[in-house]
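Some notes on the structure that comes next.
Chains as they are written, first to last, in the numbering used here: chain A, 9 to 122; chain B, 3 to 112.
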């Protein structure tokens with residue numbers, strides 16, 4: 009069966025420090041991978057998605073970047089965090105299959121920037 | 003551009019009463035529509051998708067292309083339906099972006 013792992017679960021970082029959130033998927037190959045930010049009143053905001061290694065689509069210009077160094081690994085990064093980067097980040101995957109299209113979510117990473 | 007609108011941030015319904023969570027979308031092609039749910043302390047998960055035409059936990063949703071809507075309905079609310087509900091849209095094969103609405107928090111009053 010497929011599983012998705014996301015870490016760290018919680019993170020407290022000072023303004024200006026770097027960030028690295030990691031997401032890995034097991035039990036499948038060539039998944040589509042997604043990073044979302046979940047905020048009260050704003051719902052789920054799509055940040056990045058990837059359809060293959062090294063292929064990243066950015067949805068929102070911001071202080072963050074994403075990379076996909078391996079087929080089942082998706083990393084969210086920042087060189088210098090801002091206060092506004094605080095939030096709950098969700099990684100998700102889906103198989104490219106028109107019959108299902110279901111998105112499977114990780115447990116999320118809560119980032120607090122002080 | 004693709005967009006999903008959920009006009010209600012909060013919705014409270016008495017147990018046993020009908021429930022309707024509204025969702026409208028904007029997309030120029032043929033969309034795939036979904037409803038996702040997040041129960042307290044659980045992961046966000048798929049509730050149903052329009053292509054399956056299924057009823058899950060008593061919920062149904064019909065895609066109305068004329069009104070560009072995909073409202074979620076249940077005839078008799080149950081306390082365990084209290085959760086956060088998100089409507090989502092995908093453009094399907096070749097368009098892998100999955101866009102979510104802002105969500106509606108449903109509270110069932112005992």
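Quick reminder that beta carbons are idealized off the backbone N, C-alpha and C, glycines included. Keep in mind the model is a prediction, meaning the values are calculated, not measured.
Burial state of residue i (16 or more Cβ within 10 Å)
i             : result
residue 74/A  : buried
residue 33/A  : buried
residue 5/B   : exposed
residue 20/A  : exposed
residue 77/B  : exposed
residue 44/A  : buried
residue 61/A  : exposed
residue 58/A  : buried
residue 46/A  : buried
residue 104/B : buried
residue 102/A : buried
residue 126/B : Shown here, chain B extends from 3 to 112; a query on residue 126/B therefore has no answer.
Coarse secondary structure for residue i, derived from DSSP in three states
i             : result
residue 82/B  : helix
residue 13/A  : strand
residue 37/A  : coil
residue 110/B : strand
residue 48/B  : strand
residue 122/A : coil
residue 54/B  : helix
residue 91/A  : helix
residue 100/B : strand
residue 116/A : coil
residue 103/A : coil
residue 32/B  : coil
residue 60/A  : strand
residue 13/B  : strand
Opposing strand residues paired with residue i [DSSP bridges]
i            : result
residue 86/A : 27/A
residue 22/B : 75/B
residue 66/B : 71/B
residue 46/A : 52/A and 96/A
residue 38/B : 48/B and 88/B
residue 78/A : 81/A
residue 27/B : 6/B
residue 21/A : 121/A
Residues of its chain near residue i, where Cβ-Cβ distance is below 8 Å and the 5 sequence neighbours each way are ignored
i            : result
residue 26/A : 85, 86, 87, 88 and 89
residue 27/B : 4, 5, 6, 7, 33, 35, 70, 71, 72, 89 and 91
residue 17/A : 115, 116, 117 and 118
residue 20/B : 75, 76, 77, 78 and 79
residue 52/B : 34, 35, 36, 63, 64, 65 and 72
Close beta carbons around residue i, own chain, < 6 Å, minus the five adjacent residues each side
i            : result
residue 9/A  : 35
residue 62/B : 75
residue 23/B : 74, 87 and 106
Own chain residues within Cβ distance below 7 Å of residue i, not counting five before or after
i             : result
residue 112/B : 17 and 81
residue 91/A  : 23 and 121
residue 68/A  : 53 and 55
residue 28/A  : 83 and 85
Proximity test, Cβ basis, 8 Å: residue i and chain E
i            : result
residue 17/B : Protein chains in the displayed structure are A and B, and chain E is not among them.
For this session: Could you please tell me which residues of the segment 82 to 104 of chain B, in chain order, have their CB closer than 7 Å to any CB of chain A?
Result: 88, 92, 94, 95, 98, 99, 100, 101, 102, 103 and 104
Exercise. For the segment 21 to 54 of chain B, which residues have a CB atom closer than 8 Å to at least one CB atom of chain A, in sequence order?
Worked result: Correct list: 34, 36, 38, 45, 46, 47, 48, 51 and 53.
Exercise. Just by C-beta distance, which residues in the segment 58 to 82 of chain B are closer than 7 Å to chain A?
Worked result: none
For this session: Taking a Cβ distance cut-off of 7 Å, strictly less, list which residues of the segment 44 to 62 of chain A are near chain B, in chain order.
Result: 49, 50, 51, 52, 54, 57 and 59
For this session: Scan the segment 66 to 100 of chain A for residues whose Cβ lies nearer than 9 Å to a Cβ of chain B and list them as they occur along the chain.
Result: 67, 98 and 100
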